[in-house]
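S.K.: There's a structure below that I have some questions on.
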Amino acid sequence: MNSTEVTIFLVEDDDVDATTVVRGLTRADIRNTVIRARDGIEAMDMLQGTNGKPILKPPYILLVDVRMPRLDGLGLVRRIRSNKMLQRTIIFVLTTSDSDRDRAEAYDAHVAGYIVKSNAPDQFHALARMLDYYLTIVAPPPVDLCG
Amino acid sequence: MPRSSSFDGFRHSDWFELIVEGVPVALLMADQQQRISLVNRNTEALFGYSRSELIGERLEALVPERFREQHVARVSAYLEAPTQRRMGAGRELFGRRKDATEMPIEIGLNPIRTAEGVFTLASIIDITERKRAENVEAQMAALVESADDAIVAKSLDGIIRSWNPGAERLLGYCAKEIIGQPVTRLLPDDRLDEEVMILGRIGRGERVEQFETVRRKSDGSMVEVSLTISPILDANGAIIGASKIMRDITTRKRSERELRRSNADLAQTNSELDNFVYTASHDLRSPLTGIGSIVEWILEDDRALASESRERLAMILGRIERMKQLLTDIRDYARIDGKTTPSAAPVSAATLVENVVVIAHVPPGFSVRGDRSLEAVLVQRVPLEQVLLNLVSNAIKHHDRLAGTVTVSVQPTDRWLRFSVIDDGPGIPEEYRESIFEMFKTLKPRDEVEGSGMGLALVRKIVGRMGGRCGVDPAGERGSVFWFEWPPIARSSRGETNEFD
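As you go down the protein sequences, you meet chains A and B in turn. The working numbering puts the first residue of the first sequence at 1, with every later residue one more than the last. The working numbering puts the first residue of the second sequence at 1001, with every later residue one more than the last.
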């Protein structure tokens, strides 16, 4: 499977933060499709094809912010993990919160990584490179089998 | 032994003399003309006259002048019908010594009938000591009666033996109903073991001082009291009971509780306020960061941007940085809670200042020097480093020349380490030396000298939380001395620093 086939699904309520991620990916020359949901509820709809949303076809990885309206990032991760169709989803948490509790809860819900956004100028470039390597090297869960 | 003389008509014997002289009281005999006809050694000693001076003298010579007239009359009356009795029952009698001083006395009278007529034999006892003791006792009794505190005595078997009006006011029982009762009647059921403890300590001769507890009143209600209990000793020093002073501390206890509560409320409010400021300063950062990102995207993406627009966007970025710094400083200010726990081993103040120099970004031309006085002083890094960093940064930032020197020194006093940060900058005009420690105060436009105006407020708050003071003095013709008091690390008697775990 070509790594560029993997859709990057960004769940982020803040337009500036979302744009920052997209710009970082573009600058790192990552050409994967990026789609975005603005909170956990919208993300679930897009993952399941509910409420009039077209279903998002695997393979994809999620970049999830922690603080969001309606359903926050950790709530979303827990919902995904308790859903038989979605439970193997690769999820990175991308947040400004460096609280120990958020981090512990995220890893308890088996996230692939917890990334604290800093204000360093090349931080998003590094993040994009990491995702690039990740998508190239790490084998995703099989698409056609569900648990 | 000198012979008693001039008592004609008596047959003297050695036995008689021995008895008269040996009687342990002053003896005196007078005839019907109230003239002294016999005295013994005790009489001489008591009144300070020699025997020869007294014999033949009139009785009233031994009476204070103001009583003499009535004395003569009373003695005459007595001589009409002499009987054996005490003299002056119900009256206080006074004797007058040769040196005109007076003493309270007690006199026993006995008529002696002889062929020469009736003589009066008087025994005289000096009761000065007894009077004094009676006075002391009366004073003590008055004190106990009038005392505002409850004063109670109990015997070692725990039975109440005395009860003053103060006790009646405090506990409601009158003396009549409570004396003879066990003291445990005053104890709440859940405090009965206190009596065992108290009697145990009294039995060992110890005092119980200001023991705060609760006692039950006659109506069953409880009163908060402070007890001071002392052993009562008999003349031989044996413990026979306990005296107990009981003070009503209900009001004090109530105001203590109220004070504690309002202090807790105040601390709660303060901490909520600090939390609010902390959260607000944190949350304000994120939109600010967003604004900064957008401005940067415009600068990156729009190559055709007019140079004037680029400058203005750069100004926005400058303002954003300033505001971020301000938010950081406000957050730090709100975070100071005074309960900083020592996090690491103490370091020498010299090492600490070296660290500060590294963080402070000292520009070329400037030097920051640690005085030798710092070497001998051990300090905890946090939060002293923050204070010194602010003062050193300020000294450099507000310097008016391209080169300068900042010196940090410390002077241990009896209670404090007094740190000084001395610069050779322009100095602070006297009218500003107080206000520069206020929040958001700066003396120059922000565009000239970057600063949030929080630095010295932060210094003052941290130093204040540690209990010390801070201030600024002129350093001479130019320059300032910023000083502050810092608590030293507690030292053991061997001069070693205490361990922090």
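All residues carry an ideal CB built from backbone N, CA and C; glycine is no exception.
Does the distance between the C-beta of B:C1174 and the nearest non-hydrogen atom of the ligand ADP fall short of 7 Å?
M.R.: Ligands are entirely absent from the displayed structure, and the ligand ADP is therefore not among its contents.
S.K.: Since A:V111 is in the beta strand (DSSP E), which residue starts that stretch and which ends it?
M.R.: Taken as a continuous stretch (DSSP letters only), A:V111 belongs to no beta strand (DSSP E), as it is neither H nor E.
S.K.: Would B:A1122 be called buried (16 or more neighbouring beta carbons within 10 Å of its own) or exposed?
M.R.: B:A1122 should be labelled buried.
S.K.: Kindly identify the DSSP beta-bridge partner or partners of B:F1366.
M.R.: BP columns for B:F1366 point to B:G1404.
S.K.: Ends of the alpha helix (DSSP H) at B:I1422?
M.R.: Not the alpha helix (DSSP H): B:I1422 falls in the beta strand (DSSP E), residues L1417 to D1423.
S.K.: With burial defined as no fewer than 16 other Cβ atoms inside 10 Å of the residue's Cβ, what is the status of B:W1015: buried or exposed?
M.R.: Looking at its Cβ environment, which holds fewer than 16 other Cβ atoms inside 10 Å, B:W1015 is exposed.
S.K.: Quick one: is A:R103 near chain B, going by C-beta distance under 8 Å?
M.R.: False, the Cβ-Cβ gap to chain B never drops below 8 Å.
S.K.: Quick test of your reading: B:G1468 and B:W1416, contact by CB under 8 Å. State the CB separation rounded to the nearest angstrom.
M.R.: Their Cβ separation, rounded to whole angstroms, is 6 Å, which keeps B:G1468 and B:W1416 in contact under 8 Å.
S.K.: Leaving aside the five residues before and after B:S1493 along the sequence, list all residues of the same chain whose C-beta is less than 6 Å from its C-beta, in chain order.
M.R.: For B:S1493, the predicted model reports a pLDDT of 34, less than 50, meaning its position is unreliable and no value from the coordinates is stated.
S.K.: Would you mind telling me which residues of chain A sit closer than 8 Å to B:W1297, beta carbon to beta carbon, in chain order?
M.R.: Within 8 Å Cβ-Cβ: T19 and R23.
S.K.: Considering only the alpha carbon of each residue, which of A:H125, A:L135 and A:P142 lies closest to A:L25?
M.R.: Of the candidates A:H125, A:L135 and A:P142, the one whose C-alpha sits nearest the C-alpha of A:L25 is A:H125.
S.K.: Under 8 Å between the Cβ atoms of B:V1406 and B:R1418?
M.R.: No, the pair does not count as a contact, with Cβ atoms beyond the cut-off.
S.K.: Express the C-alpha separation of B:V1144 and B:S1006 in angstroms, rounding to a whole number.
M.R.: Any reading at B:S1006 must be qualified, since the residue scores a pLDDT of 48, below 50, and its modelled position is unreliable; the value itself is stated next. Their Cα atoms are separated by approximately 55 Å.
S.K.: Under a Cβ-count criterion, where at least 16 other Cβ atoms within 10 Å of its own Cβ denotes burial, should B:F1482 be classed as buried or exposed?
M.R.: By the neighbour-count rule (16 or more Cβ atoms within 10 Å), B:F1482 is buried.
S.K.: Can you give me the Cβ contacts of B:P1182 inside the same chain, cut-off strictly under 7 Å, excluding the 5 residues immediately before and after it?
M.R.: Excluding sequence neighbours, B:P1182 sits near G1158 and I1159.
S.K.: Just to make sure I have the definition right: I need the residues of chain B whose C-beta is within less than 8 Å of the C-beta of A:T96. Which are they?
M.R.: Correct list: S1286.
S.K.: Using a C-beta cutoff of 8 Å, does B:D1501 count as contacting chain A?
M.R.: Its pLDDT being 33, under 50, B:D1501 is placed unreliably by the model, and the measurement read from it follows with that caveat. For B:D1501, the answer is no, since every Cβ of chain A falls outside 8 Å of its Cβ.
S.K.: Give me the Cα-Cα distance between B:S1307 and B:L1273, rounded to the nearest whole angstrom.
M.R.: Distance between the alpha carbons of B:S1307 and B:L1273: 44 Å.
S.K.: Hey, does B:G1453 have any beta-carbon neighbour from chain A nearer than 8 Å?
M.R.: False, the Cβ-Cβ gap to chain A never drops below 8 Å.
S.K.: For B:I1428, does the three-state DSSP call read helix, strand or coil?
M.R.: Residue state, collapsed to three classes: coil.
S.K.: Interface residues of chain B around A:V16 at Cβ under 7 Å?
M.R.: Residues of chain B passing the Cβ test: G1290, S1293 and I1294.
S.K.: Can you tell me whether B:D1219 is buried or exposed? The criterion is at least 16 other CB atoms within 10 Å of its CB, across all chains shown.
M.R.: It is exposed - the Cβ of B:D1219 has fewer than 16 other Cβ atoms within 10 Å.
S.K.: Do B:R1285 and B:K1253 have their C-beta atoms within less than 8 Å of each other?
M.R.: Taking 8 Å as the Cβ cut-off, B:R1285 and B:K1253 do not qualify as a contacting pair.
S.K.: Tell whether a beta-carbon distance below 8 Å holds between B:L1038 and B:L1046.
M.R.: Their beta carbons are not under 8 Å apart, which means B:L1038 does not touch B:L1046 by this criterion.
S.K.: What residues in its chain sit with their C-beta under 6 Å from that of B:H1399, if we drop five residues either side in the sequence?
M.R.: Cβ within range, chain order: G1425.
S.K.: Between which residues of its own chain and A:C146 is the CB-CB distance below 7 Å, once the five residues before and five after are set aside?
M.R.: With a pLDDT of 48 at A:C146, under the threshold of 50, the modelled position of that residue is not reliable, and the figure given next carries that caveat. These residues qualify, in order along the chain: K84 and M85.
S.K.: Looking at the structure shown, is B:T1114 part of a helix, part of a strand, or coil, going by DSSP?
M.R.: Reduced to three states, the DSSP call for B:T1114 is strand.
S.K.: Using only the alpha-carbon positions, how far apart do B:D1099 and B:I1105 sit?
M.R.: One C-alpha to the other measures close to 16 Å.
S.K.: Span of the beta strand (DSSP E) holding A:V64?
M.R.: That run of the beta strand (DSSP E) goes Y60 to V64.
S.K.: Leaving out the 5 sequence neighbours to the left and right, which residues in its chain are closer than 6 Å to B:A1150 when beta-carbon positions are compared?
M.R.: Counting only Cβ-Cβ distances below 6 Å, and skipping sequence neighbours, we find G1166, A1167, L1170 and M1246.
S.K.: Which residues in the same chain have their Cβ closer than 6 Å to the Cβ of B:Y1396, if we skip the five residues on either side of it in sequence?
M.R.: Before going on, a small fix: residue 1396 of chain B reads as Ile here, not Tyr. Cβ within range, chain order: F1366.
S.K.: What residue does the alpha helix (DSSP H) around B:R1161 start on, and which one ends it?
M.R.: Run containing B:R1161: none in the alpha helix (DSSP H); it sits in the beta strand (DSSP E), I1160 to W1163.
S.K.: The alpha helix (DSSP H) spanning B:A1141 covers which residue range?
M.R.: T1128 to S1146 is the extent of the alpha helix (DSSP H) around B:A1141.
S.K.: For the structure I just gave you, are there three or more beta carbon pairs, one from the region 1115-1130 of chain B and one from the region 1193-1208 of chain B, closer than 8 Å?
M.R.: Short answer: they don't touch.
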